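>
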Amino acid sequence: PVPPRQKNKIISSCASTLLSSLATSPAHGSIAHHRVTMQRLPTGETVITPRNFKLLEELEHSEKGLGDMSISYGLVDGSDIFMGEWNGGILGPHGTQHDSRFYELRISIPADYPAIPPKVRFVSRINMNCVDPKTGEIIYSKVPATRNWNRNMGMEQILISLRVEMASDANRRLRQPMEGSTFRKVGGA
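Going by UniProt numbering, 16 is the number at position 16 of the sequence shown; the sequence numbering is gapless.
(1) Give me whichever residues DSSP pairs with S108 in a beta bridge.
(2) Can the beta-carbon of F102 be found less than 9 Å from the beta-carbon of G136?
(3) Starting from L75, trace the alpha helix (DSSP H) both ways and give me its first and last residue.
(4) By Cβ distance below 8 Å, which residues in the same chain neighbour E179 in space, the five residues on each side in sequence not counted?
(5) What's the gap between the Cα of I31 and the Cα of T49?
(6) Based on Cα-Cα distance, which residue from V123, M69 and H98 lies nearest to S181?
(7) Return the residue from the list R51, I71, M166 and E60 that minimises the CA-CA distance to V131.
(8) Taking all protein chains shown into account, do 16 or more other C-beta atoms lie within 10 angstroms of the C-beta of R121, making it buried, or fewer, making it exposed?
(9) Could you give the residue range of the alpha helix (DSSP H) that holds T43?
(10) Answer with buried or exposed for K54, where buried requires no fewer than 16 other C-beta atoms within 10 angstroms of its C-beta.
(11) Output needed for G84: all residues of its chain with C-beta closer than 8 Å, excluding positions within five of it in sequence on either side, in chain order.
(12) Identify which residue in M69, K64 and L59 has its Cα closest to the Cα of D77.
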């Protein structure tokens with residue numbers, strides 16, 4: 001968990017970034033898209049959420065145990081004010097070759113998040129048709145959440161989508177590597 005003092009520092013940093021972006025935006029333009037997410041209210045108004053605010057929301061959601069309990073995600077380093085590196089976890093679905101296995105993942109958040117999805121790779125070795133067998137990186141075109149990505153989605157949707165793929169006909173019966181084996185790190189996420 002991120003200590004309250006650190007959260008305040010992150011929020012303050014985000015607010016400064018937002019204000020400086022507003023100050024440098026064209027008069028009729030919008031804040032740079034790579035630092036914000038947009039949500040339309042029922043009234044038709046558009047609310048713009050800065051990148052780090054979205055990440056703080058995701059962190060809080062995860063830390064409070066809200067959402068799907070078969071997945072988890074959190075910061076690698078609670079003092080990272082840019083919130084760039086995250087750990088993820090997926091509990092394999094029942095009735096599949098993944099049953100009772102816990103898969104560790106690494107999630108790297110790009111500067112353009114949430115306009116583009118994060119880079120996700122499995123640390124734990126896994127055999128799935130949507131995962132590169134050499135690096136453990138997910139193949140974006142084969143994972144519904146990344147293939148259909150939009151700025152209102154988050155890490156939770158990607159992890160849930162991967163878990164659903166584990167239970168799909170294409171992956172549920174695939175023979176799996178020895179439990180506890182890992183992909184070699186090849187730089188990046």
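In this text, a Cβ means the ideal position worked out from N, Cα and C, and glycines have one as well. On a predicted model such as this, the values are computed, not experimentally measured, just so you know.
Quick look at the numbers:
(1) Your numbering for residue 108 matches position 108 in the sequence shown. According to DSSP, which records beta bridges pairwise, S108 is partnered with E85 and K119.
(2) The residue labelled residue 102 in the question sits at position 102 within the sequence shown. The residue labelled residue 136 in the question sits at position 136 within the sequence shown. Cβ atoms of F102 and G136: not closer than 9 Å.
(3) By 1-based counting over the sequence shown, the position of residue 75 is 75. Per DSSP, L75 belongs to no alpha helix (DSSP H); it is in the beta strand (DSSP E), I71 to L75.
(4) Along the sequence shown, one-based indexing puts residue 179 at 179. Within the same chain, E179 has close Cβ partners R101.
(5) In the sequence shown, the residue the question calls residue 31 occupies position 31. In the sequence shown, the residue the question calls residue 49 occupies position 49. Confidence at I31 is low in this model, with a pLDDT of 34, below 50, so the placement of that residue should be treated as unreliable; the coordinate-derived value is given next. Their Cα atoms are separated by approximately 10 Å.
(6) What you label residue 181 is simply residue 181 of the sequence shown in a count that begins at 1. Residue V123 is the option with its Cα nearest to S181.
(7) The residue you call residue 131 lines up with position 131 of the sequence shown. Checking every option, the nearest Cα to that of V131 belongs to M166.
(8) For this step, residue 121 is matched to residue 121 along the sequence shown. Counting Cβ neighbours within 10 Å, R121 comes out buried, since at least 16 surround it.
(9) Position 43 of the sequence shown, counting from 1, holds the residue named residue 43. Where T43 is concerned, there is no enclosing alpha helix (DSSP H), given that its DSSP letter is neither H nor E.
(10) Position 54 of the sequence shown holds residue 54. It is buried - the Cβ of K54 has at least 16 other Cβ atoms within 10 Å.
(11) Numbered from its first residue, the sequence shown carries residue 84 at position 84. Cβ within range, chain order: S108 and I109.
(12) Here residue 77 refers to the residue found at position 77 when the sequence shown is read from its first residue. It is L59.
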